[in-house]
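In this note's numbering, the protein residues as written are 123 to 676.
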């Protein structure tokens, strides 16, 4: 039998102080000044222990009255010590911030603001405890200054801002510098772990070396925007253009092999995001009409680019096997690294040869029934050098549109959401087709009694490769399994009836609101993707088939 015990504890204490001053001179000059301090203290802790092959599930793993300070707390009288493991983890983080904020407005024409904030974090290293973040913003009301007499335009405002935002460290380990962690178990708990019921520590050989000189990551963002209103604000348009650069981000760079490490944490990752946000809101029909229609829509276009890697590297491979990814400076960070598939070798004579040697995949000769993978460098050997960056798992264009239609006391509302220009790597389909290589694995993919009857995707899309191929014909890292992942979803729809707007409702009733409504969520998805829900994939664009579908609700 298997048994486990878990204990978790989270605590936050916060202290905020604000001092503000506001004054207005002759209704022309308006000044607001604010100074403040923020202190946040977080403490997170958990204890987790588990054991195998006990007499039954009713016996406690940890004795109820045992003392955590004594050795017997880690053991049990009824479980074999070698089958007991215990994880102890805790994190402390303290953030102390001071800020000053000033805003100046001249009539309804111009406004300026300046914010300077200093943040000190206990997760930062001692020589880089503090980060200073300035932000500037300005706005110009063109309507009141240049178009005051124009009745067709109700609002025309231009605004711009630039700011720097310090990025908090996600783990307090980075503030410790070189350290001992746990690297002793399959669960890879980063703090402490026990083996044979005894605690043990090692250097973090597989999780990454944390050295000195780690600095605060931060983001610089520039925004330019325009707000417009027409027809007594019955049509409103908002347009924003932004340029955001994440600088000095931490990245686990391969290295330190001579000391036994697989990677080293270093600053230097730099990524730029540029994009446009457009929002439109309208009230289409006359206000006096019985029918009112208020549609709205928003759209975002975003493009990311990797500008730099730590240590001046031009490219770096992360991950292993068919899950490996390549990051190249000058390219987007959300691209897939795959082999280009051009069909199937039906006959041995179709396989290319050079100098009397048949084409190979990493030294294994290609055979009839194997895929035709593009030999990008023309060396007659298919390997990682022939992989290319293709597709994007983040949408190029995303947004939504909604509508409210009201007739007297009845209102119908709906909201759609869409994501366009994204691809999905259908690993779930690759696993189904690659059933031979999953034989004997400790994985749900190997249980054919479950998966054999389950139809996944469109089998007509794929060539009938030799499933016993020595080169892994149905490996996931090829563009054969890249699919269009764009989609349109009906997020929700509602219909409501307001009784207070009926003729027989008494205006002096003590009940001022009485509405009956029905709603439905996630009714349908329109997508060319042949797998599951295109929105419920892994964060790196891979559909491994384990995403739980979003349920319809009524």
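Backbone N, C-alpha and C fix where the C-beta goes; we use that ideal spot for every residue, glycine too.
Check whether residue i and residue j have beta carbons under 7 Å apart
| i | j | result |
| --- | --- | --- |
| residue 173 | residue 201 | yes |
| residue 604 | residue 547 | yes |
| residue 221 | residue 153 | no |
| residue 499 | residue 476 | no |
| residue 601 | residue 512 | yes |
| residue 167 | residue 229 | no |
| residue 260 | residue 282 | yes |
| residue 496 | residue 545 | no |
| residue 527 | residue 543 | no |
| residue 94 | residue 237 | Because residue 94 is not part of the residues shown, which for the chain are 123 to 676, the question remains open. |
| residue 424 | residue 455 | no |
| residue 428 | residue 438 | no |
Anticipated Cβ contact below 8 Å, residue i with residue j, distance rounded
| i | j | result |
| --- | --- | --- |
| residue 278 | residue 265 | 4 Å |
| residue 514 | residue 445 | Incorrect: roughly 18 Å between the Cβ atoms, too far for contact. |
| residue 297 | residue 246 | 6 Å |
| residue 289 | residue 244 | Between residue 244 and residue 289 the Cβ distance is about 15 Å, and since that is not below 8 Å, they are no contact. |
| residue 359 | residue 421 | That pair is no contact at about 12 Å. |
| residue 608 | residue 671 | About 18 Å; that fails the 8 Å criterion. |
| residue 578 | residue 550 | 6 Å |
| residue 407 | residue 398 | Incorrect: roughly 29 Å between the Cβ atoms, too far for contact. |
| residue 362 | residue 339 | Rounded, the Cβ-Cβ distance is 24 Å, inconsistent with contact. |
| residue 387 | residue 374 | 6 Å |
| residue 589 | residue 466 | Not a contact, Cβ separation roughly 13 Å. |
| residue 540 | residue 645 | Contact flag wrong, Cβ pair sits at about 15 Å. |
Unbroken beta strand (DSSP E) run spanning residue i, endpoints
| i | result |
| --- | --- |
| residue 140 | 124-147 |
| residue 385 | 385-404 |
| residue 121 | Residue 121 lies beyond the residue range present for the chain, which begins at 123 and ends at 676; the question has no answer from this structure. |
| residue 618 | 609-620 |
| residue 421 | 413-430 |
| residue 606 | 604-606 |
| residue 208 | 206-228 |
| residue 473 | Counting along the chain, residue 473 falls outside any beta strand (DSSP E), and DSSP gives it neither H nor E. |
| residue 642 | 637-643 |
| residue 369 | 357-376 |
| residue 342 | 340-352 |
| residue 410 | Segment: none, residue 410 is in no beta strand (DSSP E) and carries neither H nor E. |
| residue 324 | From DSSP, residue 324 is part of no beta strand (DSSP E); its letter is neither H nor E. |
| residue 233 | 232-243 |
| residue 273 | Residue 273 -> no beta strand (DSSP E), and no H or E assigned at all. |
| residue 332 | Run containing residue 332: none; DSSP gives neither H nor E here. |
First and last residue of the uninterrupted alpha helix (DSSP H) at residue i
| i | result |
| --- | --- |
| residue 552 | 549-555 |
| residue 265 | 264-268 |
Three-state secondary structure (DSSP) of residue i
| i | result |
| --- | --- |
| residue 186 | Note that residue 186 scores a pLDDT of 49, beneath 50, so its modelled location is shaky; the value from the coordinates is reported in the next line. If DSSP states are grouped into helix, strand and coil, residue 186 belongs with coil. |
| residue 672 | coil |
| residue 450 | strand |
| residue 461 | strand |
| residue 256 | strand |
| residue 308 | Bear in mind that a pLDDT of 47 at residue 308, under 50, signals an unreliable position, so the model cannot answer this. |
| residue 558 | helix |
| residue 289 | coil |
| residue 298 | coil |
| residue 518 | coil |
| residue 587 | coil |
| residue 581 | helix |
| residue 595 | coil |
| residue 663 | coil |
| residue 437 | strand |
Problem set entry | Those runs of the beta strand (DSSP E) which lie wholly inside the region 477-537 and span at least 3 residues | 493-495, 510-512, 519-529
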